[in-house]
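**Student:** Input: one structure, supplied below.
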Amino acid sequence: MLKTTINLEPGKKVYFASDQHFGAPNPKESKIREEKFIRWMNEIKEDAQVLFLMGDLFDFWHEWNHVIPKGYVRVLGKIAELKDHGVQVYFFVGNHDLWMKDYLEEEIGCTVFYKKQYFEIAGKQFLLAHGDGLGPGDKGYKRMKKVFTNPIAQWFFKWLHPDIAMKIALYMSQKNKMISGDEDKAFLGEDKEFLIIYSKKKLETEKIDYFIYGHRHLPMVLDLGKNSKYINLGDWISYFTYGVFEHDFELKTFEKKE
Numbered sequence: 001m002l003k004t005t006i007n008l009e010p011g012k013k014v015y016f017a018s019d020q021h022f023g024a025p026n027p028k029e030s031k032i033r034e035e036k037f038i039r040w041m042n043e044i045k046e047d048a049q050v051l052f053l054m055g056d057l058f059d060f061w062h063e064w065n066h067v068i069p070k071g072y073v074r075v076l077g078k079i080a081e082l083k084d085h086g087v088q089v090y091f092f093v094g095n096h097d098l099w100m101k102d103y104l105e106e107e108i109g110c111t112v113f114y115k116k117q118y119f120e121i122a123g124k125q126f127l128l129a130h131g132d133g134l135g136p137g138d139k140g141y142k143r144m145k146k147v148f149t150n151p152i153a154q155w156f157f158k159w160l161h162p163d164i165a166m167k168i169a170l171y172m173s174q175k176n177k178m179i180s181g182d183e184d185k186a187f188l189g190e191d192k193e194f195l196i197i198y199s200k201k202k203l204e205t206e207k208i209d210y211f212i213y214g215h216r217h218l219p220m221v222l223d224l225g226k227n228s229k230y231i232n233l234g235d236w237i238s239y240f241t242y243g244v245f246e247h248d249f250e251l252k253t254f255e256k257k258e
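What follows is the structure, encoded as structure tokens:
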């Protein structure tokens with residue numbers, strides 16, 4: 001089991017955020033949420049040692065050899081500013097940005113992950129993942145993911161004119177719930193939530209203090225026993241929630257209305 005170790009510096013924290021889905025439902029409404037996310041990044045800039053972006057930063061993202069999607073300049077610029085300020089930025093590819101390649105790594109300096117990762121942070125054991133495709137069930141999405149990640153399918157898609165490709169992809173992303181992950185956000189119970197089931201199974205053979213996911217869009221901290229917690233980071237569409245770790249994990253809401 002490969003594991004990355006992070007030793008926290010005095011006064012520094014680790015931040016987590018997921019499922020911004022920038023670009024949805026349209027550029028105008030997305031920009032309001034983008035500006036709020038930028039305010040949050042400004043707020044954490046001085047005490048952040050590490051920022052984990054846990055997937056679906058964009059509602060759709062695809063990179064051609066010489067073309068990237070229009071928009072998101074201020075968000076990407078702010079992430080670059082954090083990186084230049086000394087913040088380590090890790091980006092987990094979600095089900096909406098499966099087609100991420102090397103743009104964030106080469107232009108911003110992010111470390112990009114395509115599957116779950118293990119971290120040891122300040123002596124605590126973390127399993128981090130966007131969450132899509134883990135655990136039992138969700139067979140329709142798992143089949144679709146195989147198509148989306150198939151090299152032949154990706155090769156054909158990249159030869160579409162970007163204007164046509166983006167129009168098709170954005171339509172499907174916003175309208176098809178199986179792709180978008182915009183399913184009922186009600187808690188289904190520990191015995192039916194696939195990420196909780198997956199986490200409990202992992203605890204049978206591994207010592208994990210914190211399981212941290214996105215994807216489900218339902219902010220939650222749940223005690224799994226054995227000094228282990230299941231955490232879903234929620235989203236920046238309905239909840240504007242994020243995680244912060246220094247000595248323990250906290251789930252917080254940005255600009256929470258009283």
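The UniProt record's numbering puts the sequence shown at residues 1 to 258. Ideal Cβ placement from N, Cα and C applies to all residues, glycine included.
#1: Would DSSP call residue 37 helix, strand or coil?
#2: Relative to the C-alpha of residue 199, which residue among 187, 218, 222 and 217 is closest?
#3: By alpha-carbon positions, which one of 245, 246, 248 and 236 ends up nearest to residue 254?
#4: Quick check on DSSP: helix, strand or coil for residue 210?
#5: May I ask you to report which of helix, strand or coil DSSP gives residue 131?
#6: Give me the residue from 246, 30 and 111 with the minimum Cα distance to residue 71.
#7: Taking the runs of the alpha helix (DSSP H) that are 4 residues or longer, which of them lie wholly in the stretch 35-90?
#8: Does the contact criterion of 3 or more C-beta pairs under 8 Å hold for the stretch 6-24 versus the stretch 33-52?
#9: Take residue 229 and list the residues in its own chain whose beta-carbon comes closer than 8 Å to its own, dropping the five residues that flank it on each side.
#10: In whole angstroms, give me the CA-to-CA distance for residue 8 and residue 247.
#11: Please report how far the alpha carbon of residue 117 lies from the alpha carbon of residue 58, in whole angstroms.
#12: Does residue 2 pass the burial test, meaning 16 or more other C-beta atoms within 10 Å, or should it be called exposed?
#13: In the DSSP output, which residue or residues are listed as bridge partners for residue 241?
#14: If we call anything under 9 Å between Cβ atoms a contact, is residue 35 one with residue 74?
#15: For residue 69, count neighbouring C-beta atoms within 10 Å of its own C-beta (all shown protein chains included) and say buried if the count is 16 or more, exposed if not.
#16: Looking at the strands, I want to know which residues DSSP matches up with residue 120.
#17: Alpha carbon to alpha carbon, how far is residue 23 from residue 108? Give it in angstroms, no decimals.
#18: Below 8 Å on the Cβ atoms is my guess for residue 252 versus residue 239; work out the distance and round it to an integer in Å.
#19: Per DSSP, residue 231 is paired with what?
#20: Taking 6 Å as the limit between beta carbons, can you name the residues of its chain near residue 87, skipping five residues before and five after?
**Tutor:** In brief:
#1: helix
#2: When each option's Cα is compared against that of residue 199, the closest is 222.
#3: 236
#4: strand
#5: Looking at residue 131 - three-state DSSP - the assignment turns out to be coil, as it is neither helix nor strand.
#6: Taking the Cα of residue 71 as reference, the smallest distance to any Cα among 246, 30 and 111 is reached at 30.
#7: 73-84
#8: In short, these stretches touch, since the Cβ pair count reaches three.
#9: 209, 210, 211, 221, 222, 223 and 249
#10: In a straight line, the C-alpha of residue 8 is about 10 Å away from that of residue 247.
#11: One C-alpha to the other measures close to 21 Å.
#12: exposed
#13: 253
#14: yes
#15: buried
#16: 5 and 125
#17: 20 Å
#18: Their Cβ separation, rounded to whole angstroms, is 11 Å, which puts residue 252 and residue 239 out of contact at 8 Å.
#19: 212 and 221
#20: By the criterion of a C-beta distance shorter than 6 Å, residue 87 is surrounded in its chain by 48 and 51, once the five residues flanking it on both sides are discounted.
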